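Quick notes on the structure that follows.
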Amino acid sequence: MHERPVPGQDAGERPLRREKTDSHHTTMANGNPTQRILVIRIDFLGDMLCTTAFLDALKERWPGAELHVVANRYNAAALVGNPVVHAVHTYVYSRQCERNDRPGRMRAFFDRLRLVRRLRRLRFDLVVVPNGGMHRSSMQFARQIGAKDCRWHDAETEFDDRKPEHVAQRPMCHEALSGFRLVPELGRADIDRLALSVHPDRTLQDAWHHLLGARTKPRVGLFVSNKAAERRWPADRWRDLGERLAPFADVIVFRDPALRHPAEDDPWRDVGARHVAPSSVADLVAAASLLDTIVSADSAPVHLASALRVPVAALFEDRPEKYLRWHPLGVPHMILRAGVTVDAIEVDAVERAVRQLLPQAGHRDLPAADASRAWPATPAAPAVPAIMTIA
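Position one of the sequence shown corresponds to residue 73 (this note's numbering), numbered consecutively onward.
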């Protein structure tokens, strides 16, 4: 066992703890005033949004550090405009080559080699894979960077909700806390004051403000697309919900642009709702920032609502490993759960949730010059507790 000083500790001081130098759970090896930290998060948009509070905490703990992030093409959009991030490096997939900027195995080989070399030259003092579970691709990539201090969850500390023994025996904490558990130097994180963040593009906000027109009623966004069957609420219930909300709300239906757009089909023809399909993540963020309430099954829009401070009604499977680890943070919210899949949730319950959340919504339609007031850096008070509604 070798002892290492943590950042800011004099060489003669006693280390805070003793750990193996070849472990993935060591203290930062370099106590220089200017450090470089790398966070690797190459999964989904919601996961990256849940990591933003951890990025803020790293920068607050080591304000002189350069904070770099390795992200994929999709979730990197969550970091655009983030003032604590020095640089975002786009991950190169060696197998799923179609996910890269330049498709093809040969291009992937050389592009990945260039990325690894560039990151190795930066000589990072700390590399963190903040996933709550073991993300083997990220772990393998982290090893290639050559940093002495690499941290990730291993078989003993991870939480994988696909493993029944983890669900039965291991403590459940929100995914946003997973990175904090790897960096105890940050201190104990208060989940009730944790704030996610995202930074809407002002030009796109103005475009959506013009498209949506003058506000006449509170805006409710229905995020109806979900690729996971167990988290897919039936289309007829979305339609019924829209019909019930339309008399007192401006209902805006958000759809995946890759899917067929049924706005003109019979199910929605007589419903006073508008249908949109943002073409990019930046477009999605800008449009969602003008909403007063969001309704979504467990997926990225739930965490986007948290980052934008928009109240959210979140539809979850009735599984603690889901709603205790992925619930909204820092905003008024209601968690709806009724069975092993979200299609067990009735329309009545969702309508009640929206009606209760709308009075808690702020005015989201500020001019661009004043829009920053709608998304404070940190919540002024602890998050409103979740109201558990069982349909």
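C-beta atoms are modelled at their ideal positions from N, C-alpha and C, and glycine is treated no differently.
Being a predicted model, the structure only gives us computed values, none of them experimental.
In the same chain as VAL160, and ignoring 5 residues on each side of it, the C-beta atoms closer than 7 Å to its own belong to VAL141, ALA143, ALA148, LEU151, in chain order. In this chain, the beta strand (DSSP E) harbouring SER368 covers 365-369.
When the Cα atoms are used, ALA349 and LEU356 turn out to be separated by approximately 8 Å.
Following the DSSP letters along the chain, one finds GLY314 inside the alpha helix (DSSP H) bounded by residues 307-317. Nearest to TYR146 by C-alpha distance, out of LEU187, LEU117, ARG174, is LEU117. Secondary structure at VAL239: helix, using DSSP grouped into helix, strand and coil. DSSP, reduced to helix, strand and coil, places ALA149 within a helical segment of the structure shown.
Rounded to the nearest whole angstrom, the C-alpha separation of ALA180 and ALA214 is 17 Å. ILE366 and VAL239 have their C-alpha atoms spaced approximately 29 Å apart. As the crow flies, the alpha-carbon of ASP390 is around 11 Å from that of GLU302. By the Cβ-count criterion, ASP221 is buried, with 16 or more other Cβ atoms from all chains shown falling within 10 Å of its own Cβ. ARG253 has its alpha-carbon roughly 9 Å from the corresponding atom of ARG260. In summary, ARG113 is buried, with 16 or more beta-carbon neighbours lying within 10 Å of its beta-carbon over all protein chains present.
Taking C-beta separations shorter than 6 Å and ignoring five residues to either side along the sequence, the partners of LEU194 in its chain run ARG108, following chain order. Cβ neighbours of LEU331 within its own chain (closer than 7 Å, five residues either side excluded): SER297. GLY153 is positioned such that its CB atom lies no closer than 8 Å to that of HIS347. The C-beta of LEU430 has 16 or more other C-beta atoms within 10 Å across all chains shown, which makes the residue buried. With contacts defined as CB atoms closer than 8 Å, ASP322 and THR288 qualify as a contacting pair. According to DSSP, residue pairing for ASP322 in a beta bridge involves ARG291. The Cβ atoms of PHE295 and PHE326 lie closer than 8 Å to each other. Closest by C-alpha distance to ASP370, out of ARG381, ALA360, SER361, GLU393, is GLU393. Per DSSP, the unbroken beta strand (DSSP E) holding ALA386 starts and ends at 384-388.
The DSSP assignment places complete beta strand (DSSP E) segments of no fewer than 3 residues inside the stretch 164-228 at 198-200, in order along the chain.
Selection ASP273, HIS158, VAL157, ARG184 evaluated against CYS169 yields ARG184 as nearest (Cα-Cα).
Bounds of any beta strand (DSSP E) do not take in HIS282; it lies within the alpha helix (DSSP H) bounded by 274-284. Cβ atoms of SER378 and LEU268 come within 8 Å of each other, at about 5 Å. Within the same chain, LEU139, VAL141, LEU151 come within 6 Å of VAL157 by CB-CB distance, once the 5 residues on both sides are set aside. Looking at ALA137, ARG167, VAL164, the one whose alpha-carbon comes closest to that of PRO155 is ALA137. With fewer than 16 other Cβ atoms from the protein chains shown falling within 10 Å of its own Cβ, ASP264 counts as exposed.
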